[in-house]
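Chemist:
Residue numbers (full-length UniProt numbering): 1 to 43.
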C-alpha cells in the first residue's frame, strides 16, 4: 500500500540531528499511536 509520490518527512531529535525520513502517512500513524491516551476501561 505504498504510494510512489508520498511526501517524506525528516525526523530530527532535540539536538537537530537527523534520525531518518518517514513517509508522511507512516509518520502520521506513528504520531497517532504515540500521542493516543491509553484506553481505560472500568468493568
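Using N, Cα and C, we set each Cβ at its ideal position, and we do this for glycine too. These figures come from a predicted structure and were not determined experimentally.
My output table needs one value for residue 22: the three-state DSSP class, helix, strand or coil.
Modeler: Strand, per DSSP.
Chemist: I'd like the list of long-range same chain contacts for residue 20, defined as Cβ closer than 7 angstroms, with 5 residues on each side in sequence excluded.
Modeler: If we look at residue 20 and ignore the five residues flanking it on each side, its Cβ neighbours are 11.
Chemist: Using the C-alpha atoms, what's the distance from residue 41 back to residue 25?
Modeler: Cα to Cα, the separation comes out at about 29 angstroms.
Chemist: Terminal residues of the continuous beta strand (DSSP E) containing residue 15?
Modeler: Careful: residue 15 lies outside any beta strand (DSSP E) and carries neither H nor E.
Chemist: For the candidate residues 22, 37, 31, whose alpha-carbon lies nearest to that of residue 7?
Modeler: Looking at the Cα atoms, 22 is the closest of the given residues.
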